[in-house]
Amino acid sequence: MAENYKGLTQVKQTEEFEDLSWQKGALCLQTEPELFFPKRGESPNAAKKICATCDVGLECLHNALDHHQGESGIAGGMTEGERKKLVGKSRREVDRVFFEIEAINRRLR
Ligand code: SF4
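The numbering of the sequence shown is the numbering used here, which starts it at 120 and goes up by one.
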């Protein structure tokens, strides 16, 4: 009984900290992972363009800001530096910036 209770608590805590169910729609999981971690001097545009057509981009961005601050790579259509500028902003402001960036990324070559 106590073991079950502990198990349920652990599951609940994990879900509260990081719900990854959105990743089922992640386009990056169907492409080359290296694209999303460009080396110094390489363009992030190929990854950003994929992000711009990904159905879970906004969830991805919020997840990166909520749980993975300071990590490298492209997430939610943004570089680490671009995401850093959103730290401390309201969710509404993050959403607004996301849709602006998504529109720009769709036009990348
Ligand atoms: S927005 Fe980009 S990084 Fe995030 S899940 Fe979609 S393709 Fe992957």
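Every residue gets a Cβ at the ideal spot worked out from N, C-alpha and C, and that includes glycine.
Going down the chain, each residue whose beta-carbon is closer than 6 Å to a heavy atom of the ligand SF4 shows up: Ala145, Leu146, Cys147, Phe155, Ile169, Cys170, Cys173, Val175, Gly176, Cys179, Ile193, Ala194, Gly195, Gly196.
Per DSSP, the continuous alpha helix (DSSP H) segment holding Lys168 begins and ends at 164-170.
Minimum Cα-Cα distance from Ala222 among the listed residues Met197, Gly160, Ser209, Val206 corresponds to Met197. Counting of Cβ neighbours within 10 angstroms places Gly144 among the exposed residues, the total staying below 16. The residues Leu177, Leu180, in chain order, have a CB closer than 6 Å to that of Phe217 in the same chain once the five nearest residues on each side in sequence are set aside.
Contact annotation, Ala183 with Ala194: C-beta distance approximately 4 Å; criterion of less than 8 Å satisfied.
Residue range 199-203 is occupied by the alpha helix (DSSP H) that includes Lys203.
Of the other Cβ atoms in all chains shown, fewer than 16 fall within 10 Å of the Cβ of Leu148; this residue is therefore exposed. In the three-state DSSP reduction, Ala145 falls in the coil class, being neither helix nor strand.
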